[in-house]
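Trainee:
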Amino acid sequence: MRLNVVILSNIPHYLKYFIHLEETFTLEFHLGSGFIMHLHICYPFIPLALIRFSLIAALSACGNDSSDQDPHTPNTTAVAHTSVHSAFVVLGQGGERIARAIAKGDACPKIKINGVEHDMTMRQERSDRDAQGLPNLDNLPLTCEKPLTKDAKTISISGRALSLGKKFPQTIVVIGDTGCRVPEGQSCDGETPFKKIAQTAAQTPDLDLVIHLGDYHYRQARKKEREHADFDTWNLDFFEPADDLLKAAPWIMVRGNRESCQFAGQGWWRFLDPRPWQPKEQDCIQPPAAGKQRDYAGDYSSPYAIPLGVSEQFIVFDTARSRFGNLHPDHYAYSQYLQKYTEMEKLAQKATHNILLMHTPVLALAGSIEKPYIGTAIKSVFLNKNKKLFPEDIKLVLASDFHIWQHIKFSSHPSHFIVGFSGAALDNSGLLEDLLRYTSQAERIHYLQNKGIDIVPGAAPKVEIQAIDILHQQYGYMVMKRVDPANADSKTWIWQVAVYDRSGELLKNCTIQEKVSTCMSAKATDTCAVSAT
Numbered sequence: 017m018r019l020n021v022v023i024l025s026n027i028p029h030y031l032k033y034f035i036h037l038e039e040t041f042t043l044e045f046h047l048g049s050g051f052i053m054h055l056h057i058c059y060p061f062i063p064l065a066l067i068r069f070s071l072i073a074a075l076s077a078c079g080n081d082s083s084d085q086d087p088h089t090p091n092t093t094a095v096a097h098t099s100v101h102s103a104f105v106v107l108g109q110g111g112e113r114i115a116r117a118i119a120k121g122d123a124c125p126k127i128k129i130n131g132v133e134h135d136m137t138m139r140q141e142r143s144d145r146d147a148q149g150l151p152n153l154d155n156l157p158l159t160c161e162k163p164l165t166k167d168a169k170t171i172s173i174s175g176r177a178l179s180l181g182k183k184f185p186q187t188i189v190v191i192g193d194t195g196c197r198v199p200e201g202q203s204c205d206g207e208t209p210f211k212k213i214a215q216t217a218a219q220t221p222d223l224d225l226v227i228h229l230g231d232y233h234y235r236q237a238r239k240k241e242r243e244h245a246d247f248d249t250w251n252l253d254f255f256e257p258a259d260d261l262l263k264a265a266p267w268i269m270v271r272g273n274r275e276s277c278q279f280a281g282q283g284w285w286r287f288l289d290p291r292p293w294q295p296k297e298q299d300c301i302q303p304p305a306a307g308k309q310r311d312y313a314g315d316y317s318s319p320y321a322i323p324l325g326v327s328e329q330f331i332v333f334d335t336a337r338s339r340f341g342n343l344h345p346d347h348y349a350y351s352q353y354l355q356k357y358t359e360m361e362k363l364a365q366k367a368t369h370n371i372l373l374m375h376t377p378v379l380a381l382a383g384s385i386e387k388p389y390i391g392t393a394i395k396s397v398f399l400n401k402n403k404k405l406f407p408e409d410i411k412l413v414l415a416s417d418f419h420i421w422q423h424i425k426f427s428s429h430p431s432h433f434i435v436g437f438s439g440a441a442l443d444n445s446g447l448l449e450d451l452l453r454y455t456s457q458a459e460r461i462h463y464l465q466n467k468g469i470d471i472v473p474g475a476a477p478k479v480e481i482q483a484i485d486i487l488h489q490q491y492g493y494m495v496m497k498r499v500d501p502a503n504a505d506s507k508t509w510i511w512q513v514a515v516y517d518r519s520g521e522l523l524k525n526c527t528i529q530e531k532v533s534t535c536m537s538a539k540a541t542d543t544c545a546v547s548a549t
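Read in our numbering, the sequence shown has 533 at position 517, and its numbers run on one by one without any break.
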């Protein structure tokens, strides 16, 4: 008879055990912090007393504190996966990296940075369902965070290793509108489009950064306000399907209209926004003031910049309350966005090449032939502030909101990529269907001119489309890759863009250079370019 005891970690307690009777007798103990201990006994007819003795001896060893570990050495034992719903790294102002954890229970998990264990701090405590009788505080778990210093090379939270990317990203995945739109009849059973996209995109070689352009959360009961921010729907719509991609690279989180206070704003501020928590000023609990038309203080936030190169940066612009039509100057939202535009102008002056990230686009096409959607309400603020619409050093705009993929090249304005095809029910646009009947850009432009579609009346110079490329009724994601990784100094600002379907099949090839861009089908080995001159 031979007794083989295997103890995988110095854990002082056990949670449960399983006994498997095969040709050998195996006791399997599931210990605290996710570790497992096995007792293998070679002959099955072992007296019960011996099994009991073996069990007591093994558990005593697990709880023995007389290990060889130096008591002054930091404890680097991994924390169990089960202590968090999700963990990820989000980029904030100035490129600050913030590690976040959505915790299970009432205690923050530990984080290992460069192999050394540290505490995480509470961002917001857990709120139970119907807490204080307030809307939008529906069963939200404890959120924890840890700002990372520049010397952080490796991190893990609850056994989840999280990639930190590069200081200046070279390969970037772009997605948008990922939630599953239950109220509109989208089937969310089984593997959702977003889960497949996230799993596929996570395999992108040398991935440094993920940009989400907004609308993470759709699966709310729209007419039951008290259920809007339930974490069950947050988890189903975003955290669970995004898991592989959340671990693969840091994220830039752009706020969508589905994360406004009317819908899932509390979850946005707790989980995703990178800035410090500001109660009463930037939450969705305080009721709207009189005359603000349901506008909470938490519906608006200042733009911020994230470095992309020596003289390159992203500018993240919150457009959560911008919908369709135009904003009137006496509307509360108008004054707020006017102020945010001024702040964005000042940020843009700090780099020669700026990529504007926003959810609701200024220039985009969708809708029907009779009622085309041309951008969203934010364009009226941009136009009244600046007849050119954008500050001079805005070279590219990435947006979503429309559930399509679209690229538009303009004669004088920055190229737009609309990346809203990453999970939510796709838009059915008669206008875009008609445009797809024409294969040449000249025919498409002629069609728009014949329909009398003026993109932004009053803009100077006039907004003129030179090329428009569309993926209609097609799910997928986009990848941007710097052409010359050695040059992050804006001297040769060239990016390749590739567009993939949910399974990773290449659909479009593109290149980005200044405000000039062209896009065509990958099957025709065409390119879509934006580069700096």
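The beta-carbon is built from N, C-alpha and C at its ideal position, and this holds for glycine as well.
Please give me, in chain order, every unbroken run of the beta strand (DSSP E) with length at least 3 that falls completely inside the region 175-261.
Mentor: DSSP runs (the beta strand (DSSP E)) wholly in the region 175-261: 176-178, 187-191 and 225-228.
Trainee: I'd like to know if the region 168-183 and the region 457-469 are in contact, where contact means that at least 3 CB-CB pairs between them fall below 8 Å.
Mentor: Taking 8 Å as the limit for Cβ pairs, the verdict is that the region 457-469 does not touch the region 168-183.
Trainee: With three or more beta-carbon pairs closer than 8 Å as the criterion, would you say the region 186-194 touches the region 249-265?
Mentor: Because the criterion of three Cβ pairs below 8 Å is met, the region 186-194 and the region 249-265 touch.
Trainee: Val198 and Arg139 - do their beta-carbons sit closer together than 9 Å?
Mentor: Not closer than 9 Å, so no.
Trainee: Could you give the distance in angstroms between the alpha-carbon of Asp246 and the alpha-carbon of Leu156?
Mentor: If you take the alpha carbons of Asp246 and Leu156, they lie about 6 Å apart.
Trainee: Quick check: the Cα distance between Val106 and Leu464, rounded to an integer number of angstroms?
Mentor: Cα to Cα, the separation comes out at about 40 Å.
Trainee: Do Phe330 and Leu8 have their beta-carbon atoms positioned less than 9 Å apart in this structure?
Mentor: Missing from the structure shown is residue 8; the chain here goes from 17 to 549 and no further.
Trainee: Per DSSP, what kind of secondary structure is Asn554 in: helix, strand or coil?
Mentor: The structure shown does not extend to residue 554, since the chain is modelled only from 17 to 549, so the question has no answer here.
Trainee: Going straight from the alpha carbon of Lys401 to that of Asp122, what length do you get?
Mentor: Each residue's Cα considered, the two are about 47 Å apart.
Trainee: Please list the terminal residues of the continuous alpha helix (DSSP H) segment that includes Ala364.
Mentor: Here the alpha helix (DSSP H) through Ala364 covers Tyr348 to Ala364.
Trainee: Touching or not, the region 390-399 and the region 341-353, by the rule of three or more beta carbon pairs under 8 Å?
Mentor: Judged by Cβ distances under 8 Å, the region 390-399 makes contact with the region 341-353, as three or more pairs qualify.
Trainee: Could you have a look at Tyr463 and say whether DSSP puts it in helix, strand or coil?
Mentor: Tyr463 falls in the helix class under three-state DSSP.
Trainee: In terms of DSSP beta bridges, what is Asn370 paired with?
Mentor: In DSSP, Asn370 forms a bridge with Gln329 and Ile410.
Trainee: What residue does the alpha helix (DSSP H) around Phe426 start on, and which one ends it?
Mentor: Phe426 -> not in any alpha helix (DSSP H); beta strand (DSSP E) instead, spanning Trp421 to Phe426.
Trainee: Using CA coordinates, which residue listed in Leu447, Tyr516 and Gln529 is at the minimum distance from Ala538?
Mentor: When each option's Cα is compared against that of Ala538, the closest is Tyr516.
Trainee: Quick one, which of Ile173, Ala168 and Lys169 has its alpha-carbon nearest Ser102's?
Mentor: Closest by alpha carbon: Ile173.
Trainee: Which word fits Gly110, buried or exposed, when buried means at least 16 other C-beta atoms lie within 10 angstroms of its C-beta?
Mentor: Exposed: under 16 other Cβ atoms inside 10 Å.
Trainee: Would you call the region 408-423 in contact with the region 478-491, where contact means no fewer than 3 C-beta pairs closer than 8 Å?
Mentor: A contact exists between the region 408-423 and the region 478-491.
Trainee: Look up Ala65 in the DSSP assignment and say whether it is helix, strand or coil.
Mentor: Note that Ala65 scores a pLDDT of 40, beneath 50, so its modelled location is shaky; the value from the coordinates is reported in the next line. Note: Ala65 maps to helix in three-state DSSP.
Trainee: Give me whichever residues DSSP pairs with Cys160 in a beta bridge.
Mentor: For Cys160, which the question treats as bridged, DSSP gives the partners Ala117 and Met138.
Trainee: How is Gln457 classed by DSSP in three states: helix, strand or coil?
Mentor: If DSSP states are grouped into helix, strand and coil, Gln457 belongs with the helices.
Trainee: With a CB to CB cut of under 7 Å and the five nearest residues on each side skipped, what residues in its chain are close to Gly314?
Mentor: Hits under 7 Å: Cys277, Gly281, Trp285, Gln298, Asp299 and Cys300.
Trainee: By the three-class DSSP mapping on this structure, what secondary structure does Arg337 have?
Mentor: Coil, per DSSP.
Trainee: Please name the residue, chosen from Asp334, Asp289, Val495 and Gln355, that lies closest to Cys564 on a Cα-to-Cα basis.
Mentor: One cannot answer for residue 564 here, as it falls past the ends of the chain, which runs 17 to 549.
Trainee: Quick one: is Gly492 near chain C, going by C-beta distance under 9 Å?
Mentor: Judged by its chain identifiers, the structure shown contains no chain C, having just a single protein chain.
Trainee: Should Pro131 be labelled buried (16 or more other beta-carbon atoms within 10 Å of its own) or exposed?
Mentor: It is worth fixing the name first, because residue 131 is Gly in this sequence and not Pro. Exposed, by the Cβ-count rule.
Trainee: Hey, Phe210 and Ala265: beta-carbon distance below 9 Å or not?
Mentor: No, these two residues do not count as a Cβ contact at 9 Å.
Trainee: Is it the case that the Cβ atoms of Asp135 and Pro185 are separated by a distance below 9 Å?
Mentor: Cβ atoms of Asp135 and Pro185: not closer than 9 Å.
Trainee: Looking at C-alpha atoms only, which residue of Met269, Ser143, Leu261 and Gly283 is the closest neighbour of Trp250?
Mentor: Looking at the Cα atoms, Gly283 is the closest of the given residues.
Trainee: Report buried or exposed for Pro407, applying the criterion of at least 16 other Cβ atoms within 10 angstroms of its Cβ.
Mentor: Buried: at least 16 other Cβ atoms inside 10 Å.
Trainee: According to DSSP, simplified to helix, strand and coil, what is Gly111?
Mentor: Helix at Gly111.
Trainee: Looking only at its own chain, which residues have a Cβ that is under 8 Å from the Cβ of Cys124, when we skip the five neighbours before and after it?
Mentor: Here the set comprises Ala117, Asp135, Met136, Thr137, Met138, Leu158 and Cys160.
Trainee: Return helix, strand or coil for Gln512, following the three-state DSSP convention.
Mentor: If DSSP states are grouped into helix, strand and coil, Gln512 belongs with the strands.
Trainee: Using CA coordinates, which residue listed in Arg453, Leu164, Ala364 and Thr527 is at the minimum distance from Glu12?
Mentor: One cannot answer for residue 12 here, as it falls past the ends of the chain, which runs 17 to 549.
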